[in-house]
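Student: Protein chains in written order, with our numbering: chain A, 1 to 388; chain B, 1001 to 1393.
In this text, a Cβ means the ideal position worked out from N, Cα and C, and glycines have one as well.
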């Protein structure tokens, strides 16, 4: 089978999710082609085919446009079919001509499957797979179904009727597709993310030291709910707890978060570490006792899996996939989102647990991650996804 | 005849925010010579006492630069050479600096009033050329930027002690500026003023039985903290209080759209893009409550406007808001970042009798008329400028 995977950009070193999936398919004798907007990460696991760029210079854009259109002539049959289907869907000629330019590399390659890595990437490309007599798969991972359709209602209306199979990373994400107009037109398959459980494994550490070491790995983005986390930590501080909280990641919310720390008197307790290398992230996890992921929207969150695998006590919100990622009171704790007081109460409860109880939770979490979220299992599930 | 004082109001552009434009208009009407330097947008004030020296597109910039280079060469060669040396020493792009600096040096106003503290470093040189620098202490530039940007805080600490005088929009911001070395004795608090001809007060026939109409007006910025308002309104909805909340100035904020959807507030909350001044006024008048959930403000103009129009204010205690909103007298105050107090206060407001509502809004109107009127602001500004004697070089 030849499987074309569409991504915004080729995966980086730390994005093991895509790499392991591609490796698994290749090991089973399938060919994978990656279509993406850029390959600045120098991804080499499979051929990376870049989409044509947009140019500022009108002249340059016109010349390249003509060249790209001419290069589609040998693939006239599928191009013609695509145009016909788009016109049938009421798409304007301008949008069709833009799609032909953008998706030109896809027309030029023989495919059995065309898999869009995120729902938003499939917008405008709903008829691509059918025009090439390939099957269309779409993954929904969080933002693409949890946030984007709120701003763009009915954006997936066309997609639901064209997709052959849908991949989701959690049951909650599956549920969200129904909220946005999906009516079981295609099968939905849940395949959760997976991590390298050998790399992320428990290290020898003392549980709950003073000051308590807490950590979050997250882009500084509103959906990560870091403002609520800081509010909770200020309650913790007022209650007399001594702690250090490290946030690993960068993003547009840095200004508001730093100001929040200042106003809440958390400047000494909260450290913004920025983006760290893979190894440094692991070292930070090794030094910490509690992992917090209090997002307001979250597909699943690999970082929480990694933290569990490394023996951290995980406190997460109930946003989408997080409540599947962590089983409340069994492998960690799930707190209703946007409720800093409840989060603070839960962190205090966790701190004050007996060592035996903490150990019990950690052991269960490690066991579950190893069993349920390992790469081999995920690879098998993807094989079935395409082969069934 | 005694020479009239000349003041440069510098915000970097020819058309600035409402309150700066109000100051300019007030000064020129009160017979002060005003210069406006900077990039050309519009020339909103037309008066014999105002001189705009602005630059637009590339070619226009070149014309302005050549003109002032020649004028300085002919009339102020010595000063030009001194300024050129400063420009060279700064290590910044000399073309742009010459374009910005030459007109100021040529016209040499008595006072160079900088509106935004972040641009201070570029203008500290004017003190050495017989001009007095006045720096306005406003909002973000004092209240949070130097907290987040430590380099900026260092620059403030370096330059604030060199400044002739500061104008603060609230007592709170004046206090904040002293953290960066501003001499408290050199700070004059002059609060923003409204032109009451633009605001017609209406005594509302408030009815606590009808759904509470709440409004916020402001740009789409994190410091407005609308997410706090949505969290508070979610609690209000749980208590089955009938209300509708409108935010003007926010249309496509992904985080707020998501929050509204997640909290199931679609029917209770509307986001409206920016509106014209008169439309905003109408919307404020129709509302029962002006809600200010901000985490940082100087003194929010929109609150003053709501008070002038007769709409009751519920505000956080951020910045200088407690200097305007006195609990149960001119409005209601809630502690910064406090969801619980905010929704409880909104409940309290929703249950006010018409007498209490009107008492508070009448007192609020009297307060802004007494302490936030444009004439008073301009008079105080002029007196403040007059205390600054021009330097004799």
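Enumerate in chain order the residues of its own chain whose CB-to-CB distance from residue 1363/B is below 7 Å, with the five nearest sequence positions on each side excluded.
Tutor: Looking up residue 1363/B in the second chain gives position 363. Answer for residue 1363/B: 1329 and 1330, listed in chain order.
Student: State the DSSP-derived secondary structure class of residue 314/A, mapped to helix, strand or coil.
Tutor: Here residue 314/A corresponds to residue number 314 of the first chain, with the count starting at 1. Strand.
Student: Decide if residue 57/A is buried, meaning its Cβ has at least 16 other Cβ atoms within 10 Å, or exposed.
Tutor: Within the first chain, the letter at position 57 stands for residue 57/A. So residue 57/A ends up on the exposed side.
Student: Taking DSSP's pairing of strands, which residues face residue 1035/B in a bridge?
Tutor: On the second chain, residue 1035/B is found 35 positions in, with the first residue counted as 1. In DSSP, residue 1035/B forms a bridge with 1008/B and 1051/B.
Student: For residue 22/A, which residues in chain B fall below 7 Å Cβ to Cβ?
Tutor: Taking the first residue of the first chain as 1, we reach residue 22/A at position 22. Neighbours of residue 22/A on chain B: none; closest Cβ ~31 Å, over 7 Å.
Student: Within the same chain, show all residues whose beta-carbon is closer than 6 Å to that of residue 1287/B, passing over the 5 residues directly before and after it, in chain order.
Tutor: Translated into positions along the second chain, residue 1287/B becomes position 287. Excluding residues within five positions, the ones whose Cβ falls inside 6 Å are 1213, 1215 and 1311.
Student: Output, in sequence order along the chain, the residues in the region 1283–1306 of chain B whose CB is closer than 8 Å to any CB in chain A.
Tutor: If the cut-off is 8 Å between Cβ atoms, the region 1283–1306 of chain B has 1295 and 1296 near chain A.
Student: Relative to chain B, which residues along the region 281–313 of chain A have a C-beta separation below 9 Å, given in chain order?
Tutor: Among the residues of the region 281–313 of chain A, those with a Cβ less than 9 Å away from any Cβ of chain B are 296 and 297, in the order of the chain.
Student: Is residue 1044/B helix, strand or coil when you go by DSSP?
Tutor: In the second chain, counting from the first residue as 1, residue 1044/B sits at position 44. In the structure shown, residue 1044/B sits in coil (DSSP, three-state: anything other than H, G, I, E or B).
Student: Do we get a CB-CB distance below 8 Å when we pair residue 255/A with the residues of chain B?
Tutor: As a first step, residue 255/A must be located in the first chain, where it is residue number 255. With 8 Å as the cut-off, residue 255/A counts as an interface residue toward chain B.
Student: Taking one C-beta from the region 353–372 of chain A and one from the region 7–22 of chain A each time, how about it: are there three or more such pairs within less than 8 Å?
Tutor: Result no; under three Cβ-Cβ pairs closer than 8 Å.
Student: Taking only heavy atoms of the ligand SAH into account, decide whether any of them is closer than 7 Å to the Cβ of residue 1045/B.
Tutor: Annotation note on the ligand SAH: not contained in the displayed structure, which lists no ligands.
Student: Taking the alpha carbon of residue 1388/B as the point to measure from, which residue in 1065/B, 1087/B, 1117/B and 1135/B has its own alpha carbon closest?
Tutor: Here residue 1388/B refers to the residue found at position 388 of the second chain. Out of 1065/B, 1087/B, 1117/B and 1135/B, 1135/B has the C-alpha closest to the C-alpha of residue 1388/B.
Student: Starting from the Cα of residue 294/A, find the closest Cα among 329/A, 263/A, 317/A and 312/A and give me that residue.
Tutor: For the purposes of this step, residue 294/A is taken as the residue at position 294 of the first chain. It is 317/A.
Student: Contact criterion: CB-CB distance below 8 Å. Does residue 346/A meet it with respect to chain B?
Tutor: Stepping through the first chain from its first residue, residue 346/A is reached at position 346. With 8 Å as the cut-off, residue 346/A does not count as an interface residue toward chain B.
Student: Got a sec, what are the start and stop residues for the beta strand (DSSP E) residue 197/A sits in?
Tutor: Here residue 197/A corresponds to residue number 197 of the first chain, with the count starting at 1. It is not in any beta strand (DSSP E) - residue 197/A carries neither H nor E in the DSSP assignment.
Student: With H, G and I counted as helix, E and B as strand and the rest as coil, what does DSSP make of residue 1117/B?
Tutor: Taking the first residue of the second chain as position 1, residue 1117/B is located at position 117. Three-state DSSP puts residue 1117/B in a helix.
Student: Taking all protein chains shown into account, do 16 or more other C-beta atoms lie within 10 angstroms of the C-beta of residue 1056/B, making it buried, or fewer, making it exposed?
Tutor: Against the second chain, residue 1056/B aligns to sequence position 56. The residue in question, residue 1056/B, is exposed, as its Cβ has fewer than 16 Cβ neighbours within 10 Å.
Student: Span of the alpha helix (DSSP H) holding residue 93/A?
Tutor: Locating residue 93/A in the first chain gives position 93, counting from the first residue. Residues 93–102.
Student: Could you tell me the distance, in whole angstroms, from the CA atom of residue 1318/B to the CA atom of residue 222/A?
Tutor: Counting from 1 along the second chain, the entry for residue 1318/B is found at position 318. Counting from 1 along the first chain, the entry for residue 222/A is found at position 222. Looking at the two C-alpha atoms, the distance is approximately 22 Å.
Student: Does any residue of chain B bring its CB to less than 8 Å from the CB of residue 259/A?
Tutor: By one-based count along the first chain, residue 259/A stands at place 259. Answer yes: the Cβ-Cβ gap between residue 259/A and chain B drops below 8 Å somewhere.
Student: Tell me the rounded alpha-carbon separation between residue 1068/B and residue 1275/B.
Tutor: Residue 1068/B sits at position 68 when you count from the first residue of the second chain. Residue 1275/B sits at position 275 when you count from the first residue of the second chain. Near 40 Å, if we compare the C-alpha coordinates of residue 1275/B and residue 1068/B.
Student: With 7 Å as the limit, tell me which residues of the region 321–351 of chain A have their beta carbon closer than that to any beta carbon of chain B; keep them in chain order.
Tutor: Only 338 from the region 321–351 of chain A bring a Cβ to less than 7 Å from some Cβ of chain B.
Student: What residue range does the beta strand (DSSP E) around residue 1377/B cover?
Tutor: As a position in the second chain, residue 1377/B is number 377, starting the count at 1. Element bounds for residue 1377/B: not the beta strand (DSSP E) but the alpha helix (DSSP H), 1374–1386.
Student: For residue 151/A, would you say it is in contact with chain B, using Cβ-to-Cβ distances shorter than 8 Å as the test?
Tutor: One-based indexing of the first chain puts residue 151/A at position 151. Chain B contact via Cβ: present.
Student: Just checking my contact of residue 1202/B with residue 1309/B at CB under 8 Å: how many whole Å lie between their CB atoms?
Tutor: The residue labelled residue 1202/B in the question sits at position 202 within the second chain. The residue labelled residue 1309/B in the question sits at position 309 within the second chain. That pair is a contact at about 7 Å.
Student: Taking the alpha carbon of residue 1062/B as the reference point, which residue from 1148/B, 1218/B, 1100/B and 1153/B has its own alpha carbon closest?
Tutor: Locating residue 1062/B in the second chain gives position 62, where the first residue counts as 1. The candidate whose alpha carbon is nearest that of residue 1062/B is 1100/B.
Student: Does residue 175/A come within less than 8 Å of chain B when only Cβ atoms are used?
Tutor: Counted from its first residue, the first chain places residue 175/A at position 175. So, not an interface residue.
Student: What residue range does the beta strand (DSSP E) around residue 75/A cover?
Tutor: By 1-based counting over the first chain, the position of residue 75/A is 75. Counting along the chain, residue 75/A falls outside any beta strand (DSSP E), and DSSP gives it neither H nor E.
Student: Let's test the definition: count the other Cβ atoms within 10 Å of the Cβ of residue 339/A and tell me whether it reaches 16, buried, or not, exposed.
Tutor: In the first chain, counting from the first residue as 1, residue 339/A sits at position 339. With 16 or more other Cβ atoms within 10 Å, it is buried.
Student: Taking residue 1226/B as part of the alpha helix (DSSP H), name the residues at either end of that continuous run.
Tutor: Here residue 1226/B refers to the residue found at position 226 of the second chain. 1226–1238 is the span of the alpha helix (DSSP H), which, as asked, contains residue 1226/B.
Student: I'd like to know whether the C-beta of residue 1315/B is nearer than 8 Å to at least one C-beta of chain A.
Tutor: Within the second chain, numbered from 1, the residue matching residue 1315/B stands at position 315. So no, residue 1315/B is outside the interface.
Student: Whether or not the region 1025–1032 of chain B and the region 58–72 of chain A are in contact is what I'm after, with contact meaning three or more pairs of Cβ atoms, one per stretch, closer than 8 Å; do they touch?
Tutor: Contact fails: fewer than three Cβ-Cβ distances are below 8 Å.
Student: Check whether the region 1153–1160 of chain B touches the region 1169–1185 of chain B, counting contact only when three or more Cβ pairs, one atom from each stretch, lie closer than 8 Å.
Tutor: yes
Student: Just the Cα atoms here: how many angstroms apart are residue 334/A and residue 255/A?
Tutor: Walking along the first chain from the start, residue 334/A turns up at place 334. Walking along the first chain from the start, residue 255/A turns up at place 255. Distance between the alpha carbons of residue 334/A and residue 255/A: 28 Å.
Student: Please decide whether residue 1116/B counts as near chain A, where near means a Cβ-Cβ distance under 8 Å.
Tutor: Residue numbering aside, residue 1116/B sits at position 116 when the second chain is read from its first letter. Not closer than 8 Å to any Cβ of chain A, the Cβ of residue 1116/B fails to qualify, so no.
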